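K.L.:
Residue numbers (the numbering used here), protein chains in the order written: chain A, 8 to 248; chain B, 50 to 324.
(1) Assign residue 261/B to one of three DSSP states: helix, strand, or coil.
(2) So, at 8 Å on beta carbons, what are the nonlocal neighbours of residue 6/A in its own chain, with the 5 sequence-adjacent residues on each side left out?
(3) Would you say residue 208/A reaches chain B, if we count a Cβ-Cβ gap shorter than 8 Å as a contact?
(4) Could you have a look at residue 105/B and say whether DSSP puts it in helix, strand or coil?
(5) Between residue 66/A and chain B, is the shortest Cβ-Cβ distance under 8 Å, so that the two count as touching?
(6) Round the Cβ separation of residue 263/B and residue 223/B to the nearest angstrom and send it over; I've been treating them as touching at under 8 Å.
(7) For residue 153/B, collect the residues of the same chain with a Cβ closer than 7 Å to its Cβ; drop the 5 residues on either side in sequence, then sort them by chain order.
(8) Along chain A, in chain order, which residues have C-beta atoms closer than 8 Å to that of residue 232/B?
(9) Kindly say whether residue 192/A, judged by its beta-carbon, lies nearer than 8 Å to any beta-carbon of chain B.
(10) Please determine if the segment 176 to 190 of chain B and the segment 269 to 289 of chain B are in contact, where contact requires at least 3 C-beta pairs separated by less than 8 Å.
(11) Quick one: which chain B residues come within Cβ less than 8 Å of residue 97/A?
(12) When you compare only the Cα positions, how much space is there between residue 93/A and residue 100/A?
(13) Could you tell me whether the Cβ of residue 145/A comes closer than 8 Å to any Cβ of chain B?
(14) How many angstroms separate the CA atom of residue 106/A from the CA atom of residue 98/A?
(15) For residue 234/A and chain B, any beta-carbon pair shorter than 8 Å?
(16) I need the straight-line Cα distance from residue 241/B to residue 104/B, nearest angstrom please.
(17) Can you check whether the C-beta of residue 108/B is within less than 8 Å of a C-beta belonging to chain A?
(18) Taking residue 240/B as part of the beta strand (DSSP E), name the residues at either end of that continuous run.
(19) With a floor of 4 residues, list each alpha helix (DSSP H) that falls wholly inside the segment 140 to 223 of chain B, ordered by position along the chain.
(20) What residue range does the alpha helix (DSSP H) around residue 92/A cover?
(21) Put residue 254/B into one of helix, strand or coil per three-state DSSP.
(22) Alpha helix (DSSP H) containing residue 271/B: first to last residue?
(23) Determine the chain A residues that contact residue 136/B at a beta-carbon separation under 9 Å, and present them in chain order.
(24) Under the three-state reduction of DSSP, which class applies to residue 99/A: helix, strand or coil?
(25) Flag this pair as yes or no: are the beta carbons of residue 107/B and residue 193/A separated by less than 8 Å?
(26) If you draw a straight line from the C-alpha of residue 62/A to the C-alpha of residue 131/A, how long is it?
(27) Among 174/B, 319/B, 128/B and 265/B, which one has its Cα closest to the Cα of residue 194/B?
(28) Which residues mark the beginning and the end of the alpha helix (DSSP H) in which residue 126/B is found?
(29) Which residues in chain A sit within 9 Å of residue 77/B, going by Cβ to Cβ distance?
(30) I'd like the ranges of any beta strand (DSSP E) spanning at least 3 consecutive residues and lying wholly in the segment 118 to 178 of chain A.
(31) Using DSSP with H/G/I as helix, E/B as strand and the rest coil, what is residue 244/A?
(32) For residue 251/B, which residues in the same chain have their Cβ closer than 7 Å to its Cβ, ignoring the five residues on either side in sequence?
(33) Kindly list the residues whose CB is nearer than 7 Å to the CB of residue 292/B, restricted to its own chain and excluding five residues on each side of it in sequence; keep chain order.
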């Protein structure tokens with residue numbers, strides 16, 4: 008298909024895309040995608056913020072290896088996470104009795120696992136810088152190193168936004184893990200990315216492309232939000248940032 | 050501080066919304082991709098749910114993977130189309146009842162230029178022999194699906210073994226669903242074996258046309274398999290039975306027969322037919 012044909016194809020979508028129920032599906036799919044990714048981002052953030060900062064301030068044996076490991080997991084292949092989680096959640100698996108396979112919860116778990124290394128690594132990197140600069144001050148105030156964690160997080164709050172939104176970006180855009188553990192069930196676990204895969208496989212390239220555009224739109228809004236919020240934080244009088 | 054707090058509040062709120070309700074009764078149907086991709090299930094399932102209140106969650110995987118999912122106990126009922134693999138599944142004691150519910154047929158599709166000169170024929174084995182002789186590109190599903198199994202059976206009849214096929218440059222194993230195979234065949238002007246349902250509802254045919262159809266060896270039967278309660282006791286087998294009974298009932302069979310794409314019937318109901 009040459010470019011002209013592609014444009015014509017996109018501009019004149021098949022009837023299926025303009026039927027109301029399809030539109031409703033579309034809204035459902037976008038909502039599910041964003042909800043699942045937000046839930047995963049919240050869960051990953053709750054873990055990664057304290058752990059990332061603690062890794063920067065608390066010295067202990069093996070810390071270097073943990074940091075290396077977390078940075079390596081940046082490139083964790085989603086399909087591997089999906090497969091391991093699939094086996095764990097499957098009936099004969101260790102978590103089989105929870106009956107979570109093919110549910111949105113399974114997708115949230117998969118995405119949380121994928122987001123944790125990214126957020127933790129970014130938080131750790133920023134915390135290390137802040138600790139090098141303000142560490143002595145924070146300890147001479149009489150706090151133990153771990154008690155300094157909340158203050159470190161305060162200092163690097165602008166970086167936290169970037170870290171959290173990077174985690175969100177990872178979760179909302181991945182397909183390999185959610186299609187395995189979610190099963191791409193219509194109306195239950197069908198997200199934007201799994202729909203794009205499905206529509207492409209049905210030759211419905213226009214709907215696939217439309218969803219791709221929404222996905223890219225969300226990514227752009229995310230980074231626009233980061234920049235806006237970071238700018239706001241800088242002008243609201245916090246000189247440390 | 051305010052900013053961080055408001056973002057976190059927002060995240061938590063959305064997170065809470067996403068905690069999903071799974072309260073209503075639901076069963077997992079592991080199915081072949083063709084009944085999902087062709088739109089058949091989306092056509093008949095709302096009728097069943099409206100009548101019984103049971104939600105059917107479809108995981109479309111291809112027959113080989115669907116049978117595996119059921120072996121692990123991750124599905125409540127199966128809709129598949131590979132008689133040999135199904136028989137093995139039954140022999141292993143995983144299934145309790147296996148009922149034919151519908152049929153359609155496979156077709157060989159290929160580029161309109163027809164390099165192997167098979168177009169218009171009705172002998173699938175002769176056509177595959179000609180394709181091999183011409184070394185014309187052929188796309189294989191390669192995913193242990195029912196269609197993949199049917200394709201390999203036909204190749205054997207044409208004197209080609211799977212092992213030797215995989216060494217041929219013109220034989221392209223894409224390891225994916227029917228749609229992916231059709232997309233690939235369309236892009237590289239190759240022949241492929243497709244079920245008629247997916248073909249009729251497929252929207253990216255390009256230069257592909259039907260090359261061979263009407264061979265009795267191309268019959269494609271769909272079976273509904275219920276699971277053995279002795280092997281899979283904790284599953285929702287009662288609801289699965291209600292579903293299976295509905296599909297073979299006159300109401301379910303009528304719904305299957307009434308499904309059309311572009312005024313063409315995709316599946317013929319056949320619950321009454323002999324095994």
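Don't be surprised by glycine CBs; every beta carbon is placed ideally from N, CA and C.
Predicted model only: the values in this text are computed from it and were never measured.
P.N.:
Walking through what the data contain:
(1) In the structure shown, residue 261/B sits in a strand (DSSP, three-state: E or B).
(2) For chain A, the structure presents residues 8 to 248; residue 6/A sits outside this window and is missing.
(3) Answer yes: the Cβ-Cβ gap between residue 208/A and chain B drops below 8 Å somewhere.
(4) In the structure shown, residue 105/B adopts extended strand secondary structure according to DSSP, grouped into three states.
(5) Output row for residue 66/A: interface = no.
(6) Not quite, the Cβ-Cβ distance comes to about 26 Å (not below 8 Å), so this is no contact.
(7) So the qualifying residues of the chain are 244, 245, 246, 269, 315, 316 and 317.
(8) Chain-ordered, the chain A residues with CB closer than 8 Å to the CB of residue 232/B read 207, 208 and 210.
(9) So yes, residue 192/A belongs to the interface.
(10) The segment 176 to 190 of chain B, when compared against the segment 269 to 289 of chain B, does not touch it at the 8 Å Cβ threshold.
(11) Within chain B, the residues near residue 97/A are 121, 122 and 123.
(12) One alpha carbon belongs to residue 93/A, the other to residue 100/A, and they sit about 8 Å apart.
(13) No, because no Cβ of chain B sits closer than 8 Å to the Cβ of residue 145/A.
(14) Straight-line Cα distance between these residues: approximately 7 Å.
(15) Not closer than 8 Å to any Cβ of chain B, the Cβ of residue 234/A fails to qualify, so no.
(16) Roughly 35 Å separates the two Cα atoms.
(17) Yes, residue 108/B lies at the interface with chain A (some Cβ there is under 8 Å from its Cβ).
(18) Taken as a continuous stretch (DSSP letters only), the beta strand (DSSP E) holding residue 240/B covers 240 to 244.
(19) Every alpha helix (DSSP H) stretch that sits fully inside the segment 140 to 223 of chain B and reaches 4 residues is listed by chain position as 173 to 183, 195 to 206 and 211 to 214.
(20) Residues 85 to 96.
(21) Reduced to three states, the DSSP call for residue 254/B is coil.
(22) It is not in any alpha helix (DSSP H) - residue 271/B instead sits in the beta strand (DSSP E) that spans 268 to 276.
(23) Within chain A, no residue comes near residue 136/B; the closest Cβ sits about 23 Å away, beyond 9 Å.
(24) Residue 99/A falls in the coil class under three-state DSSP.
(25) For residue 107/B and residue 193/A, yes; Cβs fall inside 8 Å.
(26) The alpha-carbon of residue 62/A is positioned some 6 Å away from that of residue 131/A.
(27) Each of 174/B, 319/B, 128/B and 265/B was checked against the Cα of residue 194/B, and the nearest Cα belongs to 128/B.
(28) For residue 126/B, there is no enclosing alpha helix (DSSP H); the residue is part of the beta strand (DSSP E) that begins and ends at 126 to 129.
(29) Per Cβ cutoff of 9 Å: 108, 109, 190 and 192.
(30) Whole beta strand (DSSP E) segments, 3+ residues: zero.
(31) Because the pLDDT of residue 244/A is 46, which lies under 50, any placement of that residue in the model is unreliable, and the number read from its coordinates should be weighed accordingly. Coil.
(32) Closer than 7 Å at Cβ, skipping near neighbours: 228 and 231.
(33) Excluding sequence neighbours, residue 292/B sits near 76, 97, 103, 105 and 126.
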